[in-house]
Amino acid sequence: MRTVFFVLSFFRSCPSSCARNYEHDLYRDIIENYDSRERPVLTYADAVEVFFGISLQQLVDVDEKNQVVIMNMWLQIEWTDQNIAWNAATYGNISTICLPSKLIWKPDVLLYNSVDKKFDTNYASNVVVAKNGYVLWVPPAIVRISCNMDVRWFPFDEQNCYFKFGSWSYTQSRLKLEKHKDKLFDISEYITNVEWDVIENYVTIKEVNYSKDKPDPYRSLIFNFKIRRRILYYVFNFILPSFFIFLMTLFGFILPVECCEKITLEITILVAICVFLIMLMNVMPTTSESVPLIGIFFSFHFFLVSGSVLFQVVVLNFYYRNPAIQRPMSSVTKFLLLKFFPRLLGIKRPGHENETTEKCSEFSQVRPSFNENFSRRLNDKRIYRCLADLTRKDDGDDFLRDRKLFIVDGGMYFNAFFLTLRQIYVDLKSITDRMKKQDDIDDQKNDWKFAATR
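Counted the way mature numbering (1 follows the signal peptide of the UniProt record, and there is no 0) counts, the sequence shown spans residues -19 to -1, 1 to 435.
Take a look at the structure:
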């Protein structure tokens, strides 16, 4: 009885470590006889067959200015390593184990078009090894790749980019890179980007022979994908403002010439265009291969408004030109601006063609009545001769000394009449000369204004 109790107490008090740890034995047996520098092949002539694929997780950023795409992805790498295969029955029916990736051989598959400082940004995750030597390695990575940006149709552009994966050291005869059967280019867990949509993806195999002596090419997998920009942000921040600014430019041409606020409006539009050009310059790459059409539009708009400001300065100079203190319009300028160009453009100057005819008709209507009244009051022929002499005399005093008395209407003698008449004539002539001079100045001003407005 005591013996049975002692045996039961022994097994109850025996710790779990008394049982055999098959996983520990398996790790020990694999590591002791394994060399991570050796390719897992039976003979040297054999090639390691590696199945490769990627799973896109997120499009982190598209840097158009530096032509860089940042992507978060998981690599799907599978191969068979006979050096770490085991019999499951020997190790307590263990079928899979996890090993640190640095302890076993791994294919040196790298991203060729990486622009990251570390170049290879794969996280050193563990590998899953099956009993038959099948190895699955899924390292996460945030990669930065170069992508040639075609911004001609910005912001309605589509960009074609690619990931180029291949072995850095082994040729096709040593490492044969194949497409993954299940997860070649998987986007089932892709997180949608707020600015770009992935609209197309496909994979191609490329073989390049870098040695001319031995035709043994290097094989690589090209993961091509196309992304399309979402335009909502750019429509409200680029397209619509530029459209309304262009409308303001068109309406600026409708403003009258004498309105000086026209230059203020155009300079304000010019500043707005400069702001949009700076915003566009901060986004676009400094490339000479393609120029965005919206950039061409802004540049054309910029030169249009700049030219409009310069011409407006010239027009205002014409419009406010004063012939009294400035040189009058030359005959050549008058012919070009007032006759040739208006006739070429089909522009008629309102009221200018009939102005001379109307003045002549008015003068012809006034002159008979004036002559009739004057003849009725001063019917003496001598008065006509005296008045004719008066109009031809430069000095009225000499004229009056020669003719002291004149007989008018029944023999009344008076000299004051001719003094008053002469003074009226001098005053009327002065007023007429001033009015003619002012009319001439006004005509020249109107000529400059017509040249400015047309």
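Cβ coordinates follow ideal geometry from the N, Cα and C atoms, glycine included.
When the options are compared against residue i, the one with the closest alpha-carbon
{"i": "Leu56", "options": "Ile248, Ser280, Val90", "result": "Val90"}
{"i": "Ile85", "options": "Leu231, Asn94, Trp67, Val108", "result": "Val108"}
{"i": "Val286", "options": "Phe227, Ile405, Ser17", "result": "Phe227"}
{"i": "Ser223", "options": "Glu247, Ile254, Tyr214", "result": "Ile254"}
{"i": "Leu165", "options": "Gly34, Asn190, Asn218", "result": "Gly34"}
{"i": "Asn47", "options": "Arg403, Asp131, Cys79", "result": "Asp131"}
{"i": "residue 441", "options": "Gly288, Phe257, Asn263, Val290", "result": "Because the chain in this structure spans residues -19 to 435, residue 441 falls outside the shown range and cannot be described."}
{"i": "Ile248", "options": "Thr268, Gly288, Ile11, Val238", "result": "Gly288"}
{"i": "Glu45", "options": "Val22, Trp177, Ile172", "result": "Trp177"}
{"i": "Tyr214", "options": "Phe137, Thr24, Ile277, Ile172", "result": "Phe137"}
{"i": "Val110", "options": "Cys79, Thr268, Leu92, Thr245", "result": "Cys79"}
{"i": "Ile277", "options": "Ala70, Asn94, Glu270, Arg133", "result": "Arg133"}
{"i": "Ile186", "options": "Asn2, Leu400, Phe32, Met262", "result": "Phe32"}
{"i": "Ser127", "options": "Glu139, Leu40, Tyr93", "result": "Tyr93"}
{"i": "Cys240", "options": "Val290, Lys87, Met260, Pro273", "result": "Val290"}
{"i": "Asn2", "options": "Arg20, Thr71, Asn64", "result": "Thr71"}
{"i": "Val295", "options": "Pro273, Ser271, Leu7, Val238", "result": "Val238"}
{"i": "Lys145", "options": "Asn190, His161, Leu202, Ser106", "result": "Leu202"}
{"i": "Asn53", "options": "Gln38, Asp42, Phe281, Gln63", "result": "Gln38"}
{"i": "Ile75", "options": "Met260, Glu4, Pro120, Phe219", "result": "Glu4"}
{"i": "Arg20", "options": "Phe135, Val43, Ser150, Asn68", "result": "Ser150"}
{"i": "residue 436", "options": "Leu246, Ile220, Ala69", "result": "The requested residue 436 does not occur in the structure, where the chain is confined to residues -19 to 435."}
{"i": "Asp163", "options": "Ser36, Arg211, Tyr15, Tyr171", "result": "Ser36"}
{"i": "His161", "options": "Phe204, Asp194, Ile259", "result": "Phe204"}
Sheet register partners of residue i (DSSP bridge)
{"i": "Ser150", "result": "Note: Ser150 sits in no beta bridge, so no partner."}
{"i": "Gly34", "result": "Gln57"}
{"i": "Pro121", "result": "Trp55"}
{"i": "Trp177", "result": "Arg210"}
{"i": "Arg200", "result": "Glu188"}
{"i": "Ile78", "result": "Val110"}
{"i": "Phe166", "result": "Ile35"}
{"i": "Asn205", "result": "Tyr143, Tyr183"}
{"i": "Leu91", "result": "Gly147"}
{"i": "Ile405", "result": "Per DSSP, none; premise fails for Ile405."}
{"i": "Lys157", "result": "Glu30"}
{"i": "Tyr287", "result": "The sequence given here has Ser at residue 287, not Tyr. BP columns for Ser287 are empty, so no partner."}
Assigned exposure category for residue i - 16 Cβ within 10 Å defines buried
{"i": "Ala122", "result": "buried"}
{"i": "Tyr104", "result": "exposed"}
{"i": "Thr230", "result": "buried"}
{"i": "Thr152", "result": "buried"}
{"i": "Glu242", "result": "exposed"}
{"i": "Arg18", "result": "exposed"}
{"i": "Gly233", "result": "buried"}
{"i": "Met416", "result": "exposed"}
{"i": "Arg9", "result": "exposed"}
{"i": "Leu251", "result": "buried"}
{"i": "Phe100", "result": "exposed"}
{"i": "Ser345", "result": "Reliability fails at Ser345, whose pLDDT of 46 lies under 50, so the model's placement of it is uncertain and the value that follows must be treated cautiously. Counting Cβ neighbours within 10 Å, Ser345 comes out exposed, since fewer than 16 surround it."}
{"i": "residue 439", "result": "Here the chain has residues from -19 to 435 only, and residue 439 is not among them."}
{"i": "Val50", "result": "buried"}
{"i": "Gln404", "result": "exposed"}
{"i": "Ile58", "result": "buried"}
{"i": "residue 436", "result": "It is not possible to answer for residue 436, since the shown part of the chain is limited to -19 through 435."}
{"i": "Ser169", "result": "exposed"}
{"i": "Ile412", "result": "exposed"}
{"i": "Lys418", "result": "exposed"}
{"i": "Pro196", "result": "exposed"}
{"i": "Lys83", "result": "exposed"}
{"i": "Gln293", "result": "buried"}
{"i": "Pro88", "result": "buried"}
{"i": "Tyr191", "result": "exposed"}
{"i": "Gly147", "result": "buried"}
{"i": "Tyr25", "result": "exposed"}
Residues of its chain near residue i, where Cβ-Cβ distance is below 8 Å and the 5 sequence neighbours each way are ignored
{"i": "Glu30", "result": "Trp60, Thr61, Lys157, Glu159"}
{"i": "Asp97", "result": "Val124, Arg125"}
{"i": "Pro266", "result": "Glu45, Lys46, Asn47, Gln48, Met130, Val132"}
Other residues of its chain near residue i: CB distance less than 6 Å, five sequence neighbours each side excluded
{"i": "Glu188", "result": "Pro198, Arg200"}
{"i": "Val175", "result": "none"}
{"i": "Phe283", "result": "Ile254"}
{"i": "Asn182", "result": "Phe166, Phe206"}
{"i": "Ile208", "result": "Gln140, Trp177, Val179"}
{"i": "Phe(-9)", "result": "The pLDDT assigned to Phe(-9) is 38, lower than 50, so where the model puts this residue is not dependable; a value taken from the coordinates is nonetheless given after this. Cβ within range, chain order: n/a, list empty."}
{"i": "Val116", "result": "Trp60, Asp62, Val108, Val110"}
{"i": "Phe27", "result": "Correcting the residue type first, residue 27 is Asp in the shown sequence and not Phe. The answer is none, since no qualifying residue turns up."}
{"i": "Leu261", "result": "Gly276"}
{"i": "Ser106", "result": "Pro120"}
Cut-off 7 Å between Cβ atoms - residues of its own chain near residue i, not counting five sequence neighbours on either side
{"i": "Ala66", "result": "Lys112, Asn113, Gly114"}
{"i": "Ser11", "result": "Per the sequence shown, the amino acid found at residue 11 is Ile instead of Ser. So the list reads Ile65, once near-sequence residues are dropped."}
{"i": "Ser271", "result": "Asp131, Val132, Arg133"}
Closer than 6 Å: residue i CB and nearest the ligand ADP heavy atom
{"i": "Arg415", "result": "Ligands are entirely absent from the displayed structure, and the ligand ADP is therefore not among its contents."}
Identify every run of the alpha helix (DSSP H) within the segment 223 to 279, keeping only runs that are complete inside it and at least 4 residues long; order them along the chain. For the segment 223 to 279, whole alpha helix (DSSP H) runs of length 4 or above, ordered along the chain, are 242 to 264.
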